[in-house]
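Numbering (our numbering), first residue to last: 22 to 373. Glycine included, each C-beta is placed from N, C-alpha and C at the ideal position. Only one structure is covered here, and it is reproduced in the block below.
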């Protein structure tokens, strides 16, 4: 009997042609199917081969095994001799075949903030160290550093197939503009409403902060209120819809002077000069009590209120009517926005 070469390929594959076979052989099965059968009509000493072209359809992805055999040898040799996979150490084992559909993805369009760089890292499936890269700018590296706006395309090839993908990258020409304005000067205890200017027209994320523990009325709103008791620095970080950030700061200088003035003369005659005895000064101190006593120690007036407010002062009257001329003693209890207390005493001369 004639010796036969028989190889049953995975059913998903199709033999297109037999490109070479021994001269003393006859092709029994081949093109159009997945089974290769060659009959050797004579045995010649030497080495020969059978070369075939196989079509691999896209849906044939997966791992397969194939093993050829020579049959109908004389009994002294053995009726069947199986092929061996030269890539393994196991004798007479089937050859492995992995069919994959090469794919590459660069992802969605990207936006890069001014001053930053983007490293394009393609996702290649299946992962293979044998893949070659060809970028649209001529680079053959696996990754590409992008610094300019434009389309970037990549072609990968693994020896069997090639795949391409493209992505658009937009690089911002500048960071968002952000201005908190000039430094501000306030009296201790005053409140200040913060604001800013920007060229961002779309949605923005705001993040306010202060250099000390001074609280803000809110930390993510456009116009928070602040009431610092000491020198402070306010920061604002703004992020636009692309995540690009701008930072600006402003100093708030707090005047904490406590210069207090109390007149020593009271002339309630209606001329607009020293008509009322009240506490004057710089800052936003609060009069907890202003008490006035006659020379015998009797309380003739007690009031409280803000500094520099005549409405909370003494107009020279007591419950029985106009107080007589003379020397009166006063005692003052002041509290300031930072919690400090100041106690003062003195005399005032009442003239009519």
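Check                                                                                                         : Outcome
Residues sharing a beta bridge with residue 60, DSSP                                                          : 25, 47
Selection from 59, 338, 140, 298 that minimises the alpha carbon distance to residue 91                       : 59
Extent of the continuous beta strand (DSSP E) to which residue 271 belongs                                    : 266-276
Residues that residue 370 bridges to, as DSSP identifies them                                                 : 286, 348
Contact with chain B by residue 311, beta-carbon distance below 7 Å                                           : Note that chain B does not occur in the displayed structure, where there is just one protein chain.
Euclidean distance between Cα positions of residue 310 and residue 205                                        : 32 Å
Cβ-based neighbour list, residue 348, same chain, cut-off 7 Å, excluding 5 preceding and 5 following          : 316, 368, 370
Collapsed DSSP secondary structure at residue 332 in the structure displayed                                  : helix
Pair within 7 Å by beta-carbon distance, residue 56 and residue 29                                            : yes
Residue 166, enclosing beta strand (DSSP E) - first and last residue                                          : 165-167
Enclosing beta strand (DSSP E) for residue 132 [first to last residue]                                        : 131-133
Buried versus exposed call for residue 42 [16 or more other C-beta atoms within 10 Å across all chains shown] : buried
DSSP beta-bridge partners of residue 139                                                                      : 167
Proximal residues to residue 251 (C-beta, below 6 Å), its chain only, five neighbours per side dropped        : 275
CB contact flag (residue 3, residue 154, <7 Å)                                                                : Here the chain covers residues 22 to 373 and nothing more, so residue 3 does not appear.
Continuous beta strand (DSSP E) stretch holding residue 90: start and end                                     : 89-92
Residue nearest to residue 365 in terms of C-alpha spacing, selected from 301, 66, 358, 167                   : 301
Assigned exposure category for residue 8 - 16 Cβ within 10 Å defines buried                                   : As shown, the chain starts at 22 and ends at 373. That puts residue 8 outside it, with no answer to give.
Check whether residue 121 and residue 86 have beta carbons under 7 Å apart                                    : no
Reduced DSSP category for residue 262 - H, G, I as helix; E, B as strand; rest coil                           : coil
Secondary structure of residue 234, DSSP reduced to three states                                              : coil
Span of the beta strand (DSSP E), counted from its first residue to its last, around residue 35               : 35-41
Given 8 Å, three or more beta-carbon pairs between the stretch 159-178 and the stretch 128-148                : yes
Three-state secondary structure (DSSP) of residue 80                                                          : helix
Buried or exposed (CB count within 10 angstroms, at least 16 for buried), residue 273                         : buried
Closest Cα partner of residue 269 within the set 198, 81, 337                                                 : 198
Extent of the continuous beta strand (DSSP E) run through residue 302                                         : 300-302
Residue range of the unbroken beta strand (DSSP E) whose run includes residue 186                             : 183-192
Bridge-paired residues (DSSP) for residue 339                                                                 : 342
Nearest neighbour of residue 45, chosen from 34, 51, 26 [CA to CA]                                            : 26
Residue 297 to residue 329 span [Cα, whole Å]                                                                 : 11 Å
Beta bridge counterpart(s) of residue 115 as assigned by DSSP                                                 : In DSSP, residue 115 forms no bridge with anything.
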